[in-house]
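Encoded as structure tokens, the structure appears first; notes follow it.
Numbering (this note's numbering), first residue to last: 84 to 421.
Structure representation (structure tokens):
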């Protein structure tokens with residue numbers, strides 16, 4: 084798809100600019116908003132439920148990106164906008180078409196509102212055929228970049244942090260199974276990136292020089308396989324997971340583990356696993372060079388932090404999960420925690 088040329092000098096934002104954050108109560112948005120506020124930006128944040136509005140230093144607006152009038156009201160008078168929403172949660176059918184329509188409406192409304200820059204957080208393009216989830220993430224980026232508003236698309240693989248769906252999946256697999264049969268997808272490699280580094284990348288996307296709408300990968304510093312991810316998480320809790328590789332076990336069949344093990348939404352969790360059929364490796368790390376920032380968090384450090392930030396879940400499923408983890412901890416082989 085042809086990138087749209089623009090005047091770089093006119094499109095960067097400065098301290099005091101009004102910034103719109105869609106998906107502000109989500110995993111990434113909730114971390115991004117206070118960072119923008121701390122750096123002096125005027126932040127307008129969207130939520131579909133006014134009851135979820137939080138930070139008092141933020142202008143909160145109720146907005147459904149599927150409703151044109153909501154989008155137009157949210158974008159009025161802003162200098163730049165983050166597009167951090169997706170329609171996959173809850174196992175929604177036809178989510179790809181819904182996401183595409185939402186992106187088209189958002190792009191066109193941003194153009195009419197005179198927005199100077201859009202920033203979108205998407206997913207890394209896989210080496211193998213993409214899952215429906217990844218295919219939709221990539222398509223949304225193409226839709227946004229096809230407009231006249233200069234757009235920066237940042238593509239991340241697994242984001243490590245407490246509250247991330249992909250983190251929740253691997254965390255639960257590592258800590259809730261006394262032993263594991265490893266399907267072929269656990270040999271696939273990726274470069275997970277910490278939430279803190281993703282937020283740093285998103286903030287700097289407001290003022291990175293931009294001659295054309297474009298995309299960048301934002302890899303973490305470590306290349307790890309699915310098996311290494313699981314063993315590292317288990318080791319951080321002082322246990323070793325006995326495992327056996329079964330290469331003929333299909334990704335589709337093995338994904339049904341998740342229904343019984345993880346707390347993450349099953350439909351989303353299954354799509355995320357289906358996206359890991361081959362290596363999910365970023366093309367390069369040139370974005371970090373362009374913004375003068377090096378990812379500060381190794382996978383192990385980010386995983387340790389995510390585990391330390393967990394809170395007690397009082398629901399029946401949460402209590403049962405904690406009980407299950409405790410039993411697994413008791414029967415598992417032990418290793419020293421560094």
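Glycine included, C-beta positions come from ideal geometry on N, C-alpha and C.
Exposure label - residue i; buried when at least 16 CB within 10 Å
i, result
"residue 392", "exposed"
"residue 241", "buried"
"residue 323", "exposed"
"residue 373", "exposed"
"residue 271", "buried"
"residue 309", "buried"
"residue 262", "exposed"
"residue 394", "exposed"
"residue 377", "exposed"
"residue 132", "exposed"
"residue 139", "exposed"
"residue 163", "buried"
"residue 303", "buried"
"residue 206", "buried"
"residue 38", "Coverage of the chain is limited to positions 84 through 421, which leaves residue 38 absent and any answer about it impossible."
"residue 389", "buried"
"residue 192", "buried"
"residue 294", "exposed"
"residue 180", "exposed"
"residue 283", "buried"
Spatial distance of residue i from residue j (CA atoms)
i, j, result
"residue 266", "residue 329", "5 Å"
"residue 103", "residue 152", "15 Å"
"residue 141", "residue 120", "8 Å"
"residue 400", "residue 244", "Bear in mind that a pLDDT of 45 at residue 400, under 50, signals an unreliable position, so the model cannot answer this."
"residue 210", "residue 239", "14 Å"
"residue 183", "residue 321", "44 Å"
"residue 352", "residue 126", "31 Å"
"residue 237", "residue 189", "17 Å"
"residue 178", "residue 350", "11 Å"
"residue 187", "residue 231", "12 Å"
"residue 361", "residue 212", "8 Å"
"residue 312", "residue 274", "10 Å"
"residue 123", "residue 264", "50 Å"
"residue 298", "residue 204", "10 Å"
"residue 327", "residue 347", "24 Å"
"residue 161", "residue 269", "43 Å"
"residue 129", "residue 105", "5 Å"
"residue 228", "residue 234", "6 Å"
"residue 196", "residue 357", "38 Å"
"residue 208", "residue 194", "27 Å"
"residue 113", "residue 359", "26 Å"
"residue 66", "residue 167", "Look at the range of the chain in this structure, 84 to 421, and you will see that residue 66 is not part of it."
"residue 307", "residue 382", "8 Å"
"residue 375", "residue 285", "13 Å"
"residue 185", "residue 317", "39 Å"
"residue 147", "residue 247", "22 Å"
"residue 301", "residue 386", "18 Å"
"residue 384", "residue 118", "21 Å"
"residue 305", "residue 370", "16 Å"
"residue 430", "residue 169", "Outside the displayed span of the chain (84 to 421) sits residue 430, for which this structure offers no information."
"residue 315", "residue 379", "18 Å"
"residue 109", "residue 325", "35 Å"
"residue 101", "residue 150", "22 Å"
Beta bridge counterpart(s) of residue i as assigned by DSSP
i, result
"residue 166", "203"
"residue 263", "326"
"residue 363", "273"
"residue 299", "237"
"residue 307", "273"
"residue 128", "104 and 143"
"residue 243", "277"
Residue i CB to nearest heavy atom of the ligand ZN below 7 Å
i, result
"residue 265", "In the structure on display, the ligand ZN does not appear, and there are no ligands present to speak of."
Query raised in the report: Are there three or more Cβ pairs, one per stretch, closer than 8 Å when the stretch 276-293 is compared with the stretch 192-209?
Result: Pairwise C-beta distances place the stretch 276-293 in contact with the stretch 192-209, as three or more of them are shorter than 8 Å.
Query raised in the report: Does the pairing of the stretch 210-220 with the stretch 247-258 give three or more beta-carbon distances under 8 Å?
Result: They do not touch, by the three-pair rule.
**Report entry** Cβ contact check for the stretch 272-279 and the stretch 338-353: 3 or more pairs under 8 Å
**Finding:** Too few Cβ pairs lie closer than 8 Å, so no.
Requested in this report: Report yes or no: do three or more beta-carbon pairs, one from the stretch 365-379 and one from the stretch 254-263, lie closer than 8 Å?
Outcome: Contact check between the stretch 365-379 and the stretch 254-263: fewer than three CB pairs, one atom from each, fall below 8 Å, which does not count as touching.
Requested in this report: Check whether the stretch 220-230 touches the stretch 143-163, counting contact only when three or more Cβ pairs, one atom from each stretch, lie closer than 8 Å.
Outcome: No: fewer than three Cβ pairs fall under 8 Å.
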